Amino acid sequence: MNAMSFADMGLAALKRRQYNAAINMLRQALGEDMDNLEARFGLARALHEKGSITEALGEYRTVLQSDGDNADCLYHIARALLENGDARDALNHVDIVLRAKPTDPELLTLRAQALLELDQSDSALSALQTAAHHSPGSETIHRLMAACYRASDDLEGERRAVEQLLRIDPSSLTASNDLGVINLREGHLIAGFETFEQILSQDPEHREATLNRAITLTVMGGMDHDAIWGRVMEICGDMEDLDDIRALADQVAKLPDKNRQENDTAQALIRRAALAPHDPTDI
35 MNAMSFADMG LAALKRRQYN AAINMLRQAL GEDMDNLEAR FGLARALHEK
85 GSITEALGEY RTVLQSDGDN ADCLYHIARA LLENGDARDA LNHVDIVLRA
135 KPTDPELLTL RAQALLELDQ SDSALSALQT AAHHSPGSET IHRLMAACYR
185 ASDDLEGERR AVEQLLRIDP SSLTASNDLG VINLREGHLI AGFETFEQIL
235 SQDPEHREAT LNRAITLTVM GGMDHDAIWG RVMEICGDME DLDDIRALAD
285 QVAKLPDKNR QENDTAQALI RRAALAPHDP TDI
């Protein structure tokens, strides 16, 4: 079997999201022809999607050494850099591609994500507003706009962005959960609780709503604490920092029910209410 055949099979596997098969085939193709940039870029993409970010970055950089203007490679290496915690380098790469495609919503959204990581929420919001004009209705764009307002401590702006998304897509459980968290932070416990209950009536294993419902009930008091959090540990067991959140909830549960909401520990628990992660593929 020649190098082109391995490359074709590997790229086909990549399209089918069969990343292990793609990696194996494309490595064999590169063993026959190290200069096959299409195969190398495909290998970088497969490694990236599989989660092998460091290896993927190495392959992306090799492609760019030979083809520095490869827009697809610049976009995906920017994604990988952002995922790897290097927002500044990600921004540099995405800005190169934006020179040729200044209104591309995917590029603008990626730029905004990098700017947010760099604590430049105003610039990020500007990029997202342009992206929204060219890709109206994107959940990711509107949720990132809400994140920009949140980073600037603008609760009204955050609420406005989420409510606008719910007008566009009233069935979005992610946006509903976002609104529930906003209500919780603003002290509207009943409104937050009702939102999380509604989400769970449609998706009983919704991770963020399960956690947020438990947080709300804990702050409200008077509930079966162990039963509530037992359900959380079952549904959200692999959620980051869950043990710390549970420990905080256990402290709040020991407080008197009266005026519990005003307690600093209860407020700290409310701040741990979970928003769903952004989906970078929904632009």
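All residue numbers for the sequence shown refer to my numbering, where the first residue is 35 and numbers rise by one.
Backbone N, C-alpha and C define an ideal beta-carbon position, used for all residues, glycine too.
Being a predicted model, the structure only gives us computed values, none of them experimental.
Is Asp212 helix, strand or coil when you go by DSSP?
helix
Leaving out five residues on either side along the sequence, give the residues of the same chain with a beta carbon under 6 angstroms from the beta carbon of Asp180.
In the sequence on display, residue 180 carries Ala and not Asp. Counting only Cβ-Cβ distances below 6 angstroms, and skipping sequence neighbours, we find Glu192, Ala195, Val196.
Confirm, please, whether the CB-CB distance from Ile233 to Val211 is below 8 angstroms.
Looking at the sequence provided, one finds Asn at residue 211 rather than Val. Against a cut-off of 8 angstroms, the Cβ pair of Ile233 and Asn211 comes out as a contact.
Where in the stretch 170-239 do unbroken runs of the alpha helix (DSSP H), each at least 4 residues long, occur, reported from the N-terminal end onward?
173-185, 189-202, 207-219, 223-236
Is it the case that the Cβ atoms of Ala161 and Leu142 are separated by a distance below 8 angstroms?
yes
Report back the beta-carbon spacing between Ile45 and Gly85 to the nearest angstrom; my notes put them in contact at under 8 angstroms.
The identity of residue 45 in the sequence shown is Leu, whereas the question assumes Ile. So it is not a contact: roughly 20 angstroms between Cβ atoms.
Can you tell me whether DSSP reads Asp101 as helix, strand or coil?
coil
How close, in whole Å, do the beta carbons of Thr244 and Arg265 come, if the pair is a contact with beta carbons under 8 angstroms?
Beta-carbon to beta-carbon, Thr244 and Arg265 are separated by about 6 angstroms, close enough to satisfy the 8 angstroms threshold.
What's the gap between the Cα of Asp187 and the Cα of Ile216?
12 angstroms
Could you check the C-alpha separation between Leu98 and Pro204 for me, to the nearest Å?
43 angstroms
Between the Cα of Gln285 and those of Trp263, Asp138, Gln198, spot the shortest distance and give me the residue it belongs to.
Ranking Trp263, Asp138, Gln198 by CA distance to the CA of Gln285 puts Trp263 first.
Measure from the alpha carbon of Asp120 to the alpha carbon of each residue in Leu149, Ala185, Leu223, Asn104, then state which is nearest.
It is Leu149.
Hey, out of Asp156, Asp138, Tyr183, whose CA is closest to Ala166's CA?
Nearest in C-alpha terms to Ala166, of all of Asp156, Asp138, Tyr183, is Asp138.
Could you spell out where the alpha helix (DSSP H) holding Gly264 opens and where it closes?
259-269
How many Å lie between Ala209 and Thr229 at the Cα?
Here the C-alpha atom of Ala209 lies approximately 10 angstroms from the C-alpha atom of Thr229.
Which residue marks the beginning of the alpha helix (DSSP H) containing Glu72, and which one marks its end?
71-84
Considering Cα atoms alone, identify which of Ala310, Ala300, Thr252 is closest to Glu274.
Ala310
CA-CA distance, Gly255 and Ala300?
11 angstroms
Classify Gly214 as buried or exposed, calling it buried when 16 or more other Cβ atoms lie within 10 Å of its own Cβ.
buried
For Ala63, I'd like the list of residues in its chain whose CB is within less than 7 angstroms of its CB, leaving aside the five on either flank, ordered along the chain.
Ala37, Phe40, Ala41, Gly44, Asn70, Ala73
Do Leu200 and His240 come within 8 angstroms of each other at the CB atom, strictly closer than that value?
no
Answer with buried or exposed for Ser235, where buried requires no fewer than 16 other C-beta atoms within 10 angstroms of its C-beta.
exposed
Measuring only the C-alpha atoms, how far is Leu108 from Arg50?
23 angstroms
Determine, using beta carbons only, whether Ala114 and Ala90 come nearer to each other than 8 angstroms.
yes
At what residues does the alpha helix (DSSP H) containing Gln295 begin and finish?
Here Gln295 belongs to no alpha helix (DSSP H), and DSSP marks it neither H nor E.
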